[in-house]
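The letter at position 87 of the sequence shown is residue 87 when you use our numbering, and the numbering goes up by one with no holes. Let me begin by presenting the structure, written as structure tokens, before commenting on it.
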Amino acid sequence: MKQVHISLDSALRDIFAFEEAKAVFDKFLPGMRERVENQPAACGFSARKLIGYSGGAVSAEVAGALDAALSALELYSDADIADTPLTADGAEVAKEPPHAAIYPGKVWRDTSGRRIQAHGGSLFFEDGVYYWYGENKDRTDGKTSVWTWGIRAYRSMDLYNWEDRGLIIPPDFSDENAPLHPTSHADRPHIVKCATTGKYVCWIKHCGDAACFTVLQADAFAGPYEVRQHHYRPFGHEVGDFDIAVSDGIAYLYMDADHRGVVTLRLSADYLTAEEEICWQDEGLHAPFCREGVAVTEHGGKWFMLTSGMTGYVPNKSDSAVSDAPDKPFVSMGDPHVDDESRASFNSQISRIFKVPGKKNLYIALADRWVPDYPVDAKLADILERATAHRYNPERYQVTPEESNILTQIPMLDSANTSRADYVWLPVIFEDGVPKIYWHDSWKTSDFE
């Protein structure tokens, strides 16, 4: 038996797993559990977040007393997070013939027949080999507290067929508060090779209440990686989605900071810390319009930034922006997705723009379809946009009670089964200096110069 510690920061599903904890919860928040259990998606929230959504109905004194009572419980469980099995889908093997094209939105399997698990990911090219790496979500079924089970990498010679190379950054079980514990909400790894030290530097963002970075370093792309910074907030900012771009050996980090704008930071010569706060863009926006999913690239002497809005795992409309230099503010140019009937970025969220080496005009927008079983069309996109914005500006954004209820039923961050998330890789075309993304059921790299 293993002792389990719960508190106000525990997921509601973990609190409700124990009769003693349910009794404590009901004592301080009578009637609340029944309402939550009727909305299963909300069970992934922490009790603290739920109280935050109550709009002041629960006082700080009650919240503090509930936290103390939950923390005082002596609870034991037979389950161990290290023994969490693969989801049924993650364990599924379906061997396929070699691929000769990219099929956006379709299930993508590695050469062994398993679903590729490299979410919120990126590509790295070295010595003629492509490496695709990202969040390993094979145990993230929305029923446990596992968020990311380490960082997994794949290798390919053609961008179509990917061989699993395993976890280049494994989960850390040394302590429940370890920066890479499976419950630490590790997101969106970015690996760059430092021009000064020759080391491989990986920045990982932690979403949720942590809102910070873990920074690691290795002598080789495949590791082993050593933690050099943890619980790191550059200039005190709460960390959101980000990207790193390198120009003339100087690394710049573009980050959603405090959900109040995207800040450009210059990294130190060893790429391990942020040394200067340079400029801001997209300031003063509220959800769903504040920017996430930051992805930056250079083309034709200009710099381009693609971002999503903020609606959790549910896709929304993207924005493109342009700058004259990597350290200058970006100016919006509008949604890059052309003829997108979904008004939700072809039901995806971009994580990276990759310039394919040796190809003059091939840039790939790497994107995740986090919740493929919850497709968004233009009507639903409009409802979710207005219902989200209504919370911040009810006079401007009108919604009906029915539309507000739709917002409460969307897949939630802490309870979505992202082990089944798919990928949407599409080419980015620059037309008169404007990035455009067209839908393709399938496409080949040979179609581009």
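Idealized CB from N, CA, C, for every residue including glycine. Just so it is clear, the structure is predicted and the values come from calculations on it, not from any experiment.
Take residue i as the anchor and find which of the options has the nearest alpha-carbon.
i: K328; options: T264, D340 and F354; result: T264
i: I406; options: D164, C202 and Y374; result: Y374
i: H299; options: S7, S342 and V356; result: V356
i: D414; options: W132, C207 and L159; result: C207
i: F289; options: T388, L167 and T148; result: T388
i: V294; options: S268, D270 and G261; result: G261
i: M310; options: K95, S46, S112 and D256; result: D256
i: E292; options: L306, W280 and C279; result: L306
i: Y131; options: P411, Y53, S156 and P30; result: S156
i: D447; options: A101, K22 and H119; result: A101
i: S247; options: A269, S59, R228 and M412; result: A269
i: D158; options: V129, I168 and G44; result: V129
i: F235; options: R386, V371, T197 and D258; result: D258
Give me, in chain order, the residues of the same chain whose beta-carbon lies closer than 6 Å to that of residue i; leave out the 5 immediate sequence neighbours on both sides.
i: P451; result: In this structure the chain extends from 1 to 449, so residue 451 is not present and cannot be described.
i: I204; result: A186, P189 and T214
i: R343; result: K317, A378 and A381
i: I429; result: K436
i: Q281; result: V262, P329 and F330
i: W439; result: F346
Please check the pair residue i and residue j, which I expect to be a contact at CB under 8 Å, by giving their CB distance rounded to whole angstroms.
i: G121; j: R391; result: With a Cβ gap of about 31 Å, G121 and R391 do not count as contacting.
i: W425; j: L366; result: 6 Å
i: F242; j: R188; result: 7 Å
i: P435; j: P336; result: 5 Å
i: E275; j: L285; result: About 27 Å; that fails the 8 Å criterion.
i: T111; j: W162; result: 7 Å
i: R152; j: Y133; result: 7 Å
i: L8; j: R35; result: In fact, because the Cβ distance is near 18 Å, the residues do not count as touching under 8 Å.
i: K360; j: E431; result: That pair is no contact at about 15 Å.
i: G223; j: I168; result: 5 Å
Enumerate in chain order the residues of its own chain whose CB-to-CB distance from residue i is below 8 Å, with the five nearest sequence positions on each side excluded.
i: R233; result: A211, C212, F213 and V239
i: K302; result: V322, S323, D324 and G433
i: V24; result: L66, A69, L70 and L73
i: G56; result: none
i: K106; result: D422
i: D175; result: H181
i: A63; result: L8, R48 and I51
i: V58; result: L29 and I51
i: V93; result: S112, G113 and R114
Do the CB positions of residue i and residue j come within less than 8 Å of each other?
i: W108; j: D422; result: yes
i: V314; j: V376; result: yes
i: A195; j: G249; result: yes
i: F18; j: R33; result: no
i: L123; j: F346; result: no
i: L50; j: Q3; result: no
i: C113; j: E135; result: The identity of residue 113 in the sequence shown is Gly, whereas the question assumes Cys. Not in contact: G113 and E135 (Cβ atoms no closer than 8 Å).
i: Y103; j: S442; result: yes
i: S46; j: S77; result: no
i: Y254; j: T297; result: no
i: Y154; j: A118; result: yes
i: L180; j: C202; result: no
i: I350; j: S320; result: no
i: K199; j: D219; result: yes
Strictly under 8 Å for the Cβ-Cβ distance: is residue i near chain D by that measure?
i: P401; result: Absence of chain D from the displayed structure is noted, only one protein chain being present.
Once the 5 residues before and after residue i are set aside, which same chain residues still bring their CB inside 7 Å of it?
i: D14; result: I6 and S145
i: G31; result: none
i: R228; result: V215, L216, Q217 and L272
i: E126; result: F221
Any contact of the segment 136-149 with the segment 407-426, i.e. 3+ C-beta pairs under 8 Å? Yes, the segment 136-149 is in contact with the segment 407-426.
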